[in-house]
Amino acid sequence: MAGLILGIETSCDETAAALVREGREILSSVVASQIPIHSRYGGVVPELASREHLRNILPVVRSALEEAGVGYADLAAIAVTEGPGLAGALLVGISFAKSLAFAAEKPLIAVNHLEGHIHAVLLEEARRTAGSRGDAEPQPGSPVLLALVVSGGHTHLYLAEARGTDAGGPAWWYRNVGRTVDDAAGEAFDKVAKLLGLGYPGGPWIDALAPHGNPEAVPFTFAQIKAKAHRRGEPGALDPAAATYFSYSGIKTAVLRYTHVHEMESSIEARRAALSAVSEARPPDALALCDRRTLDLIASFQRSVVDDLRRKTFRAAEHFGADRVLVSGGVAANRELRVRFTAEAAERNLPIAFPSLSLSTDNAAMIAAAAWPKLAAGEFAPEGLTADPSLALGGKLR
Ligand code: KG4
Ligand code: ZN
Numbered sequence: 004m005a006g007l008i009l010g011i012e013t014s015c016d017e018t019a020a021a022l023v024r025e026g027r028e029i030l031s032s033v034v035a036s037q038i039p040i041h042s043r044y045g046g047v048v049p050e051l052a053s054r055e056h057l058r059n060i061l062p063v064v065r066s067a068l069e070e071a072g073v074g075y076a077d078l079a080a081i082a083v084t085e086g087p088g089l090a091g092a093l094l095v096g097i098s099f100a101k102s103l104a105f106a107a108e109k110p111l112i113a114v115n116h117l118e119g120h121i122h123a124v125l126l127e128e129a130r131r132t133a134g135s136r137g138d139a140e141p142q143p144g145s146p147v148l149l150a151l152v153v154s155g156g157h158t159h160l161y162l163a164e165a166r167g168t169d170a171g172g173p174a175w176w177y178r179n180v181g182r183t184v185d186d187a188a189g190e191a192f193d194k195v196a197k198l199l200g201l202g203y204p205g206g207p208w209i210d211a212l213a214p215h216g217n218p219e220a221v222p223f224t225f226a227q228i229k230a231k232a233h234r235r236g237e238p239g240a241l242d243p244a245a246a247t248y249f250s251y252s253g254i255k256t257a258v259l260r261y262t263h264v265h266e267m268e269s270s271i272e273a274r275r276a277a278l279s280a281v282s283e284a285r286p287p288d289a290l291a292l293c294d295r296r297t298l299d300l301i302a303s304f305q306r307s308v309v310d311d312l313r314r315k316t317f318r319a320a321e322h323f324g325a326d327r328v329l330v331s332g333g334v335a336a337n338r339e340l341r342v343r344f345t346a347e348a349a350e351r352n353l354p355i356a357f358p359s360l361s362l363s364t365d366n367a368a369m370i371a372a373a374a375w376p377k378l379a380a381g382e383f384a385p386e387g388l389t390a391d392p393s394l395a396l397g398g399k400l401r
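First residue of the sequence shown? That's 4 in this note's numbering, and the numbers climb one at a time after it.
In structure tokens:
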């Protein structure tokens, strides 16, 4: 089948495989989540993640092929996440993809996980414009977009633009214009949920409980992070004065301090114990276990993080004259974030796009979609491809 790519993603705690045609048509997208394995630890345990990927990779790839009704012979290429992510976890996907590419005599394409998140949005846009040439086939001179990639491991801003290669083929160009100096936004959701005795991962729990509290009850403030002299960029890199810096470790500490000041420890422990007694507890189970003060704290935390992300993203969009905004990654599933970003975009008359919920969190369809322009450009992985846990996209912003 022309343009059919098998994508493989194992950078963190989801083993995923997908079949995507020409960067726009998803034939199958299978995700084996390890949430039940890691939830009792309140975070991803790298050693366990690698072991689970090893156990899951073959069945996941097989069911992606079966669901799509295709075989190895139908593939135009195999794409795999090269980084960033957990080294051991990435290596499972890379070793598997390399062996498969060798055995099936198919080209192998390495994809940056962050580029994948951006393509989760572009993939769906391309699908909507199927028939005409979509964004999966970038056109030189197309609009500059500002992408916020916000997940458990990342809070990055990228300028992205479809440009042609020297050889005349299609290619995406990226520049990193923002990053977190400490915790990622999703990490803050996870840590705050954990310290309040809620489930893992924390984002969906906070998302579900926040509408029941007063978002203005607890005033959190964010330090304005200025470019420091030591953050001088590499030659040709972005002037750090124009960069955006996020920071989410302070708000986690502020939430912890608030629980101490208001002596919430025993009610938190009671909630933790009650939820652990429920088999497969879900966010609605927590509502009856949260008092007003806790719900107000949750709502205020979420509002503060969402507003900080929103203010900084739109300030950067204005600074760089972006034509539109994309938000992707696990935190892009947050309902308040979608509502508040959409409202601000409308006020500014700036188009904004999010992936559907299943493509917001980690998946392999986004990896196969990001590989499509690379296949067209003949950009294949070197024989010695290995995991790059701290792989950057669009230059390293210091
Ligand atoms: O993109 P993703 O699946 O994996 C990473 O690359 O990190 O993102 C997972 C992160 C977790 O921190 C999770 O708590 C957060 O996304 N998340 C959310 C929501 N759903 C997932 N955060 C806020 N609201 C949500 N609805
Ligand atoms: Zn991710």
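Where a beta carbon is used, it is the ideal one built from N, C-alpha and C, also for glycine. If you're wondering where the values come from, they're calculated on a predicted model, not measured in any experiment.
Span separating the alpha-carbon of residue i from that of residue j
i      : j      : result
Ala139 : Arg27  : Its pLDDT being 46, under 50, Ala139 is placed unreliably by the model, and nothing is read from it.
Glu321 : Phe344 : 14 Å
Val308 : Tyr251 : 8 Å
Ile209 : Ile301 : 6 Å
Phe323 : Tyr161 : 11 Å
Ala291 : Leu212 : 10 Å
Ala52  : Gly46  : 11 Å
Leu9   : Arg338 : 31 Å
Ala174 : Thr247 : 25 Å
Asp294 : Ser270 : 9 Å
Pro49  : Gln37  : 11 Å
Ala163 : Leu149 : 6 Å
His233 : Ala244 : With a pLDDT of 46 at His233, under the threshold of 50, the predicted position of this residue should be treated as unreliable, and no value is reported.
Asp16  : Ile97  : 15 Å
Gly72  : Ala335 : 31 Å
Ile228 : Phe249 : 7 Å
Ala107 : Ile81  : 10 Å
Helix, strand or coil at residue i [DSSP, three-state]
i      : result
Ile228 : coil
Gly10  : strand
Ala402 : Here the chain has residues from 4 to 401 only, and residue 402 is not among them.
Thr262 : helix
Ser31  : strand
Val195 : helix
Ser36  : strand
Phe105 : helix
Glu70  : helix
Thr132 : coil
Ser252 : helix
Arg43  : coil
Val309 : helix
Glu339 : helix
Leu149 : strand
Asn179 : strand
His233 : Any reading at His233 is ruled out, since the residue's pLDDT is 46, under 50, leaving its predicted position unreliable.
Cβ neighbour criterion (16 or more within 10 Å) applied to residue i
i      : result
His117 : In the sequence as presented, His is not what sits at residue 117; that position holds Leu. It counts as buried.
Arg351 : exposed
Tyr3   : The chain is shown only over 4 to 401; residue 3 falls outside these bounds and no answer can be derived.
Thr132 : exposed
Asn366 : buried
Ser135 : Caution applies to Ser135, whose pLDDT of 49 falls short of 50 and renders its modelled position unreliable; the value that the coordinates give is listed next. It counts as exposed.
Tyr44  : exposed
Asp242 : exposed
Pro204 : buried
His157 : buried
Leu61  : exposed
Ser393 : exposed
Nearest-angstrom Cβ-Cβ length linking residue i and residue j, presumed shorter than 8 Å
i      : j      : result
Leu443 : His215 : With the chain running from 4 to 401 in the structure shown, residue 443 is simply not present.
Ser303 : Glu386 : In fact, because the Cβ distance is near 52 Å, the residues do not count as touching under 8 Å.
Val124 : Ala368 : The pair is not a contact, with the Cβ atoms about 12 Å apart (cut-off 8 Å).
Leu89  : Ser14  : 7 Å
Ala284 : Gly202 : 6 Å
### Query
Any contact of the segment 246 to 261 with the segment 192 to 202, i.e. 3+ C-beta pairs under 8 Å?
yes
#### Entry: Contact the segment 368 to 376 vs the segment 100 to 114: 3+ CB pairs below 8 Å
yes
### Query
Does the segment 180 to 197 touch the segment 359 to 372, meaning 3 or more C-beta pairs lie closer than 8 Å?
no
### Task
Taking 8 Å as the threshold, find out whether the segment 273 to 287 comes into contact with the segment 308 to 318 through three or more Cβ pairs.
no
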